[in-house]
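Data first, discussion second: the structure below is written as structure tokens.
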Amino acid sequence: MNLNQAAQAIGVSAVTLKRWLISGKVADVGRDRNNWRVFTAADIERIKQYASNSQETPKLAETGASDKPQSSDYSVASFFTGIGGFDIGFEAAGFSISMQCEVEPFCQSLLRKHWPSVPLHPDITKLQNGDIPQSDVWVGGFPCQDLSLARMGKRDGLRGSKSGLFYEFARLVREGKPRVILLENVAGLLSSHGGKDFGIVLSTLAELGYSVGWRTFNSKHFGVPQSRQRVYIVGCRGDGRGPGEILFESERGEGHSAKGRPHGKESAPSFQEVIGDPSGEGPVIQALAYCLYATSARHTGTDWSRNYVCYPKSGKVRRLVPSECEGVMAFPKGWTIPTKTTLSADDLDSARYHALGNAVTPPVAEWLALRIRQYLESRDFPEASQKFNASLYTFKNDGLGQLALSFGNNDLETIP
Ligand SMILES: C[S@@+](CC[C@H](N)C(=O)[O-])C[C@H]1O[C@@H](n2cnc3c(N)ncnc32)[C@H](O)[C@@H]1O
-9 MNLNQAAQAI GVSAVTLKRW LISGKVADVG RDRNNWRVFT AADIERIKQY
41 ASNSQETPKL AETGASDKPQ SSDYSVASFF TGIGGFDIGF EAAGFSISMQ
91 CEVEPFCQSL LRKHWPSVPL HPDITKLQNG DIPQSDVWVG GFPCQDLSLA
141 RMGKRDGLRG SKSGLFYEFA RLVREGKPRV ILLENVAGLL SSHGGKDFGI
191 VLSTLAELGY SVGWRTFNSK HFGVPQSRQR VYIVGCRGDG RGPGEILFES
241 ERGEGHSAKG RPHGKESAPS FQEVIGDPSG EGPVIQALAY CLYATSARHT
291 GTDWSRNYVC YPKSGKVRRL VPSECEGVMA FPKGWTIPTK TTLSADDLDS
341 ARYHALGNAV TPPVAEWLAL RIRQYLESRD FPEASQKFNA SLYTFKNDGL
391 GQLALSFGNN DLETIP
């Protein structure tokens, strides 16, 4: 049983159960080879015993998420799922995954491995609203090929066949109308076609009845050993305060830094820790990995990742191996190894590099998922969520301002 299933069996929220385990109130359980907790029947009985003897009254967890019974738990539908970076984060925040949609066969094989019981749809262009279970939140990192600055040359933006799949997502939102939407893309979205593409994304969601906000986050501020800046767009159906409450902290943020991750969760390993040293020579690397891209597997002029491991004594230099890229993306080790494959070793490595370079880092996804959960609970259980309702509108988005300036596009700041 995984954490969510165990929480349901015990009758508490996943957040509460995790807090009990991490604080040592109940002895921790075993792990599978991906380092996920596995609960046996004996563990469930033991923790149920604790729950029934516990004097602890439900209260806000350290993260601010309330102890809502699992029976009314929240669900998320995952679009452009890739290898499930959003899905890992949302599950860790106590959401259940209602469905996934991904076209790439290699990614599909990993999704089937990690979420065998979640319905998987192969193509958003064929997806109909009837295929999507009722879900509180819809998430998706729509393809970035036509927006990314890592692709040198002309960018087709939302007119491109890949990034234009945003319109397919919007087609489904028109009827599905989830409470919250979370989109992710490369920062190039902000500058594509002089900011017009970004304006289209925002105004499309606004026309569909959503209040929209956005913020850029760098994964390095969430304990991830990589500088990876992405733009995150949040839409809340008919709720003007929602996006600001989700995206901006009223006070100093907890983030996911090694010391300050919510509910004491284990932090991601450092860059040094994810680098193997088969020769025993002691490689030299920089403190933080450069951003991984889907193109990082190739030695081409568009390879911006520049992540090399140097061995000064022997003078050797090598690229990161896929398992190291998993570490640099803060995915569980071995996450991108399929159960079975017909790919050659080289092609398998390329597929793993490509999928990882496209992915969302799970710690950022988890932080956002917790904020969305707090937001939903603040609307559903207002009496329990005063902490989250604090005024959140004093935050100045310095990061976005600087980013817009660095792309030479001041107009961005005038987009509603
Ligand atoms: C930027 S990646 C998203 C990665 C994901 N967030 C993750 O954490 O792995 C975009 C994904 O959209 C997928 N995609 C492209 N065309 C699609 C389509 N027609 N239907 C569904 N997914 C599609 C790509 O294969 C790719 O995995």
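Mapping of the sequence shown onto this note's numbering: position 319 corresponds to residue 309, and the numbering continues sequentially without gaps. Note that the Cβ used here is the ideal one computed from N, Cα and C, for glycine as well.
According to DSSP, residues forming a beta bridge with residue i
{"i": "A409", "result": "The question about residue 409 has no answer here: the residues shown for the chain are numbered -9 through 406."}
{"i": "A279", "result": "Q216"}
{"i": "T206", "result": "V221"}
{"i": "C226", "result": "V170 and S201"}
{"i": "V28", "result": "G20"}
{"i": "H344", "result": "Looking at the DSSP assignment, H344 forms no beta bridge with any residue, so it has no partner."}
{"i": "I104", "result": "Looking at the sequence provided, one finds His at residue 104 rather than Ile. Paired residue(s): none; H104 is not in a bridge."}
{"i": "L110", "result": "Q90"}
heavy atom of ligand 1 below 7 Å from residue i C-beta
{"i": "G75", "result": "yes"}
{"i": "E94", "result": "yes"}
{"i": "N119", "result": "no"}
{"i": "G72", "result": "yes"}
{"i": "G435", "result": "Residue coverage of the chain in this structure runs from -9 to 406, which leaves residue 435 outside it and unanswerable."}
{"i": "V350", "result": "yes"}
{"i": "L148", "result": "no"}
{"i": "D187", "result": "no"}
{"i": "L172", "result": "no"}
{"i": "L179", "result": "no"}
{"i": "I362", "result": "no"}
{"i": "T326", "result": "no"}
{"i": "T115", "result": "yes"}
{"i": "L110", "result": "no"}
{"i": "L155", "result": "yes"}
{"i": "C97", "result": "yes"}
{"i": "C134", "result": "yes"}
{"i": "C315", "result": "no"}
{"i": "C91", "result": "yes"}
Contact belief for residue i with residue j at Cβ below 8 Å, rounded distance in angstroms
{"i": "I172", "j": "V129", "result": "First, the residue type needs correcting, since residue 172 is Leu and not Ile in the sequence shown. L172 to V129, Cβ: 4 Å. Contact."}
{"i": "L155", "j": "F132", "result": "5 Å"}
{"i": "C134", "j": "N175", "result": "5 Å"}
{"i": "G203", "j": "L237", "result": "5 Å"}
{"i": "N407", "j": "G72", "result": "Shown here, the chain extends from -9 to 406; a query on residue 407 therefore has no answer."}
{"i": "Y64", "j": "F96", "result": "Not confirmed; about 29 Å, so no contact."}
{"i": "F159", "j": "I114", "result": "7 Å"}
{"i": "G1", "j": "A41", "result": "7 Å"}
{"i": "W10", "j": "V19", "result": "Actually they do not touch by this definition, with Cβ atoms about 11 Å apart."}
{"i": "N(-6)", "j": "W26", "result": "Going by Cβ atoms, the distance from N(-6) to W26 rounds to 11 Å, so no, they are not a contact pair."}
{"i": "E235", "j": "Y365", "result": "6 Å"}
Contact under 8 Å by Cβ, residue i with residue j
{"i": "G317", "j": "V350", "result": "no"}
{"i": "C91", "j": "F69", "result": "yes"}
{"i": "L198", "j": "V163", "result": "yes"}
{"i": "V66", "j": "I87", "result": "yes"}
{"i": "L278", "j": "S217", "result": "yes"}
{"i": "G266", "j": "E314", "result": "yes"}
{"i": "P353", "j": "G232", "result": "no"}
{"i": "A83", "j": "R363", "result": "yes"}
{"i": "L346", "j": "T326", "result": "yes"}
{"i": "F261", "j": "P302", "result": "no"}
{"i": "A355", "j": "I78", "result": "yes"}
{"i": "T206", "j": "V224", "result": "no"}
{"i": "P312", "j": "D337", "result": "no"}
{"i": "F29", "j": "A4", "result": "no"}
{"i": "V170", "j": "D121", "result": "no"}
{"i": "A320", "j": "L333", "result": "no"}
{"i": "V299", "j": "P322", "result": "no"}
{"i": "K103", "j": "T329", "result": "yes"}
{"i": "G189", "j": "N119", "result": "no"}
{"i": "V93", "j": "P106", "result": "no"}
{"i": "S209", "j": "D229", "result": "no"}
{"i": "A177", "j": "Q219", "result": "yes"}
Check: residue i C-beta below 7 Å from any heavy atom of ligand 3
{"i": "C300", "result": "No copy of ligand 3 occurs in the structure displayed; its ligands are ligand 1 alone."}
*If you scan the segment 139 to 187 from start to end, which runs of the beta strand (DSSP E) of 3 or more residues do you find wholly inside it?*
Considered as a whole, the segment 139 to 187 harbours 170 to 176 as its complete beta strand (DSSP E) runs of no fewer than 3 residues, in chain order.
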